[in-house]
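Chemist: Dumping the structure here so I can ask a few things about it.
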Amino acid sequence: MADTIHWADVIAEDVLKKNDKHLVATGITPSGHIHIGNMREVVTADAVYRALIDKGADADFIYIADNYDPLRKVYPFLPESYAEHVGKPISEIPCPCGDCANYAEHFLKPFLEALRRLGITPQVYRADEMYKTGKYTEAIKTALIKRDAIAKILEEVSGKTVAPDWSPFNPRCDQCGRITTTKVTGFDLEAETVDYVCACGHSGTVPMAGGGKLTWRVDWPARWSILGVTVEPFGKDHASKGGSYDTGKRIVREIFGHEPPYPVVYEWIMLGKQGAMSSSTGVVVSISDMLEVVPPEVLRYLIIRTKPEKHIQFDPGQPLLTLVDEYERLRTQFRENDPALGAFQRRVYELSRATGICQSEIPFKQMVTIYQVARGDFDRILKIVKRSGFSTEDKKCIKELADNVSKWLKLYAPPFAKFKVKEKVPVQAATLSELQKAFLSAFAALIESRGEISGEEYHMLVYSAKDEGSELNKRIAEKLETPAPQVDPKELFKAIYISLLGQSSGPKAGWFLSSFEKEFLVERFEEASNYSPEKHA
639 MADTIHWADV IAEDVLKKND KHLVATGITP SGHIHIGNMR EVVTADAVYR ALIDKGADAD
699 FIYIADNYDP LRKVYPFLPE SYAEHVGKPI SEIPCPCGDC ANYAEHFLKP FLEALRRLGI
759 TPQVYRADEM YKTGKYTEAI KTALIKRDAI AKILEEVSGK TVAPDWSPFN PRCDQCGRIT
819 TTKVTGFDLE AETVDYVCAC GHSGTVPMAG GGKLTWRVDW PARWSILGVT VEPFGKDHAS
879 KGGSYDTGKR IVREIFGHEP PYPVVYEWIM LGKQGAMSSS TGVVVSISDM LEVVPPEVLR
939 YLIIRTKPEK HIQFDPGQPL LTLVDEYERL RTQFRENDPA LGAFQRRVYE LSRATGICQS
999 EIPFKQMVTI YQVARGDFDR ILKIVKRSGF STEDKKCIKE LADNVSKWLK LYAPPFAKFK
1059 VKEKVPVQAA TLSELQKAFL SAFAALIESR GEISGEEYHM LVYSAKDEGS ELNKRIAEKL
1119 ETPAPQVDPK ELFKAIYISL LGQSSGPKAG WFLSSFEKEF LVERFEEASN YSPEKHA
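In terms of our numbering, the sequence shown opens at residue 639 and continues consecutively.
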């Protein structure tokens, strides 16, 4: 049975049964390229937030950058020199390119810009600032006092033994800067300090405010309590039995006296045949890179249309065109108020849109054709866009789409999607049959006699050649000096592609032909119809 209520609305209805005020939270550690697998989390959160707002809830939406987490290892994209920084908070490590404030900002900045382009505008928190300004201090005190109770919960829920010297707080060593090599030796609640020893040989005392951080399984529930989080999406790894959500539920209730947020568990986005995306393994397409290839509303649609618990297969090659086609068809149905468009699909479209997103009217596939006919020249692109019946008023929007197509052609397009218009009649024209040559000459004369011709009209004109008595059929008959000829339109389309591209197939013929100035087509088809290798030697 087809869905009738969108998953975001189902979640909104569920959480509104508890109360009308909600905080939707999402968080990612910017330790590497933030990829479109991570994007599922923020788009999912945004969809739920919007569903809550649409239902009249008092709702807010936040994003927490976990930039006080340690660097776990030297990832494949880092130079070996980063080995000395392993174990340090990523907000305290130098930027890989030298242009950002620190390592975390290097990956966070393009991600936040990508969110803006996706029409997602949460309030942004940085974990290091939260710790340093004392937002976590009371939670740290509580966790240190109730260390044994937390350890008991962790052992009962996860089934793992907690080490005798384990502490819920990881101090940051004043000497080496690491938070992964220190052990708590004592604390002073009044002074709000923690004593530690470090594997580097140093020992000292740090303030609770910024002198370290809670370990992840305690940090997460503490955050729910501190900020008042009521809804949070997270990956299936956190949702596994005995995982961090299971331990977090008990810790937040029993230690911090707060209810856990409504969980929205999502599956991975799989990249083509390479499997689940992961920054640490290098199987990744960053959101920033993907937004250079595909319009932002299509990326939103990729996630909005699928229930969070189902995995998404994403392939930026040929399947991307199918995805864009689906979205554009949905957009047309919505705008034309098509009665065949059900409530569920209507809602999918509404949630895929966002304020500030540039949406060109030109189909992506058509721009693939226009861009290549224009050889990437933007002035020529605008002329073709206008000739194709689209408005050229929003040049910025058209430029964004043209740039998307340019990058897609360069990075992901399959060979059959690429073509190059030949400067002169290609030598392959020597393979044209007498019927194909007669068609090209007749077609040239016919389009020369007409006014402006749309893509659809070009398409229908070619097909009309098979109808006895049609104007094109008669003209072909005259050229061949025979009665009404038997015509296979496939052979005629082949003749068009051969005369323009030097190959027997190409893009959708109507769009393709309407991209050219009529005078060029008349001249090229006439030349091709008279082509002989000797003349062009």
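Idealized CB from N, CA, C, for every residue including glycine.
Can the beta-carbon of A663 be found less than 8 Å from the beta-carbon of Y706?
Modeler: Counted from its first residue, the sequence shown places residue 663 at position 25. Counted from its first residue, the sequence shown places residue 706 at position 68. No, these two residues do not count as a Cβ contact at 8 Å.
Chemist: Report the three-state DSSP secondary structure of M846 (helix, strand or coil).
Modeler: For the purposes of this step, residue 846 is taken as the residue at position 208 of the sequence shown. Of the three classes helix, strand and coil, the one that applies to M846 here is coil, per DSSP.
Chemist: Reducing DSSP to helix, strand and coil, say where A663 ends up.
Modeler: Position 25 of the sequence shown, counted from the start, is the residue given in the question as residue 663. Three-state DSSP puts A663 in a strand.
Chemist: When you compare only the Cα positions, how much space is there between A646 and L690?
Modeler: Within the sequence shown, numbered from 1, the residue matching residue 646 stands at position 8. Within the sequence shown, numbered from 1, the residue matching residue 690 stands at position 52. Roughly 9 Å separates the two Cα atoms.
Chemist: Need the endpoints of the alpha helix (DSSP H) that E1094 sits in, please.
Modeler: Working through the sequence shown from its first residue, we reach residue 1094 at position 456. Run containing E1094: 1093-1102, per the alpha helix (DSSP H) assignment.
Chemist: Grab me the residues of Y987's own chain with a C-beta within less than 6 Å of its C-beta, minus the 5 sequence neighbours each way, in chain order.
Modeler: Sequence index remark: in the sequence shown, residue 987 carries index 349 (1-based). The beta carbon of Y987 is closer than 6 Å to those of L968, F972 in its chain, skipping five residues each way along the sequence.
Chemist: Using the beta-carbon count (16 or more within 10 Å), is N1168 buried or exposed?
Modeler: The residue labelled residue 1168 in the question sits at position 530 within the sequence shown. Exposed.
Chemist: From T667 to P1064, what distance separates their C-alpha atoms?
Modeler: Along the sequence shown, one-based indexing puts residue 667 at 29. Along the sequence shown, one-based indexing puts residue 1064 at 426. Taking the straight line joining both Cα atoms gives about 55 Å.
Chemist: For a test of the three-state rule: what should DSSP assign to H744, helix, strand or coil?
Modeler: For the purposes of this step, residue 744 is identified with residue 106 of the sequence shown, where counting begins at 1. Three-state DSSP puts H744 in a helix.
Chemist: Put P797 into one of helix, strand or coil per three-state DSSP.
Modeler: Here residue 797 refers to the residue found at position 159 when the sequence shown is read from its first residue. Before going further, note that residue 797 is Gly rather than Pro in the sequence given. The answer is coil: DSSP assigns G797 none of H, G, I, E or B.
Chemist: State yes or no: is the C-beta of P934 within less than 8 Å of the C-beta of R755?
Modeler: If you number the sequence shown from 1, residue 934 lands on position 296. If you number the sequence shown from 1, residue 755 lands on position 117. Contact flag set, yes.
Chemist: Just to confirm, does R1088 get its C-beta within under 7 Å of one of the non-hydrogen atoms of the ligand ATP?
Modeler: With respect to the ligand ATP, the structure offers nothing, as it holds no ligand at all.
Chemist: Can you tell me which of Y763, E1106, G839 puts its alpha carbon nearest to the alpha carbon of I864?
Modeler: By one-based count along the sequence shown, residue 864 stands at place 226. The residue with the shortest Cα to Cα distance from I864 is Y763.
Chemist: Please determine, among S878, F952, W854, E897, the residue with the shortest C-alpha to C-alpha distance to V653.
Modeler: As a position in the sequence shown, residue 653 is number 15, starting the count at 1. Of the listed residues, the one whose Cα sits closest to V653 is E897.
Chemist: Tell me which residues share the same chain as I788 and place their Cβ nearer than 8 Å to its Cβ, disregarding the 5 neighbours each side in the sequence.
Modeler: Position 150 of the sequence shown holds residue 788. Cβ neighbours of I788 beyond the five flanking positions: A781, P806, V856, I889, I893.
Chemist: Work out the CA separation of L958 and K1132 for me, nearest whole Å.
Modeler: Looking up residue 1132 in the sequence shown gives position 494. Looking up residue 958 in the sequence shown gives position 320. C-alpha separation (whole angstroms): 26 Å.
Chemist: Does the pairing of the segment 717-734 with the segment 679-699 give three or more beta-carbon distances under 8 Å?
Modeler: no
Chemist: Please state the DSSP three-state secondary structure of A703.
Modeler: Here the question's residue 703 lines up with position 65 in the sequence shown. It is a strand residue.
Chemist: Give every residue of the same chain whose Cβ lies closer than 8 Å to the Cβ of I1114, excluding the five residues on either side of it in the sequence, and list them in chain order.
Modeler: The residue you call residue 1114 lines up with position 476 of the sequence shown. Contacts found: L1073, A1076, F1077, A1080, A1103, P1123, V1125.
Chemist: Tell me, which residues are paired with L937 by DSSP?
Modeler: As a first step, residue 937 is located in the sequence shown; it is residue number 299 there, counting from the start. The partner list for L937 (beta bridge, DSSP) is empty, contrary to what the question assumes.
Chemist: Could you name the residues of the same chain whose beta carbon sits closer than 7 Å to that of R938, not counting the 5 residues immediately before and after it, in chain order?
Modeler: Position 300 of the sequence shown, counting from 1, holds the residue named residue 938. Counting only Cβ-Cβ distances below 7 Å, and skipping sequence neighbours, we find V681, L756, S990, A992.
Chemist: Any contact of the segment 1040-1058 with the segment 1090-1108, i.e. 3+ C-beta pairs under 8 Å?
Modeler: no
Chemist: Can you tell me whether M915 is buried or exposed, with buried defined as 16 or more other CB within 10 angstroms of its CB?
Modeler: Your numbering for residue 915 matches position 277 in the sequence shown. Its pLDDT being 47, under 50, M915 is placed unreliably in this model, and the value from its coordinates should be taken loosely. So M915 counts as buried.
Chemist: Distance check for H673 and A847, CA to CA, integer angstroms please.
Modeler: Taking the sequence shown and counting its residues from 1, the one referred to as residue 847 is at position 209. Taking the sequence shown and counting its residues from 1, the one referred to as residue 673 is at position 35. Cα-Cα distance, rounded: 31 Å.
Chemist: Using a beta-carbon distance below 8 Å, is D1105 in contact with chain B?
Modeler: This model lacks chain B altogether; it includes just one protein chain.
Chemist: Kindly indicate which three-state DSSP category G873 falls into: helix, strand or coil?
Modeler: Position 235 of the sequence shown holds residue 873. Here G873 sits in strand by DSSP.
Chemist: Have a look at F952, L940, K948, P977 and flag the residue whose alpha-carbon is nearest the alpha-carbon of E966.
Modeler: Locating residue 966 in the sequence shown gives position 328, where the first residue counts as 1. For E966, the closest alpha carbon among the candidates F952, L940, K948, P977 is that of L940.
Chemist: In its own chain, which residues sit with a C-beta less than 8 Å from the C-beta of R688, not counting the 5 before and 5 after it?
Modeler: Start at 1 with the first residue of the sequence shown, and residue 688 comes out as number 50. Correct list, in chain order: A646, L989.
Chemist: Bridge partners of I1022, per DSSP?
Modeler: On the sequence shown, position 384 is the one that residue 1022 refers to. DSSP lists no partner for I1022.
Chemist: Counting only the same chain and skipping the five closest in sequence on each side, list residues whose C-beta sits under 7 Å from that of L750.
Modeler: On the sequence shown, position 112 is the one that residue 750 refers to. These residues qualify, in order along the chain: V762.
Chemist: On the three-pair Cβ rule with 8 Å, is the segment 867-885 touching the segment 817-827?
Modeler: Taking a cut-off of 8 Å for Cβ pairs, the segment 867-885 and the segment 817-827 do not touch, as fewer than three such pairs fall below it.
Chemist: Please classify S1026: is it buried, with 16 or more other beta-carbons within 10 angstroms of its beta-carbon, or exposed?
Modeler: Indexing the sequence shown from 1 puts residue 1026 at position 388. It is buried - the Cβ of S1026 has at least 16 other Cβ atoms within 10 Å.
Chemist: Quick one: is I583 buried, meaning 16 or more other Cβ sit within 10 Å of its Cβ, or exposed?
Modeler: Only positions 639 to 1175 of the chain appear in the structure, and residue 583 is not among them; the question remains open.
Chemist: Excluding five sequence neighbours on each side, which residues of the same chain lie with their C-beta closer than 7 Å to the C-beta of E730?
Modeler: Sequence index remark: in the sequence shown, residue 730 carries index 92 (1-based). Here the set comprises N740, G815.
Chemist: Here's a check: name, in chain order, each residue in its chain whose Cβ is nearer than 6 Å to the Cβ of A683, leaving out the five neighbours to either side.
Modeler: Locating residue 683 in the sequence shown gives position 45, where the first residue counts as 1. Excluding residues within five positions, the ones whose Cβ falls inside 6 Å are V662, T664, P871.
Chemist: Answer with buried or exposed for E1155, where buried requires no fewer than 16 other C-beta atoms within 10 angstroms of its C-beta.
Modeler: Reading the sequence shown from its first residue, position 517 is the one you call residue 1155. It counts as exposed.
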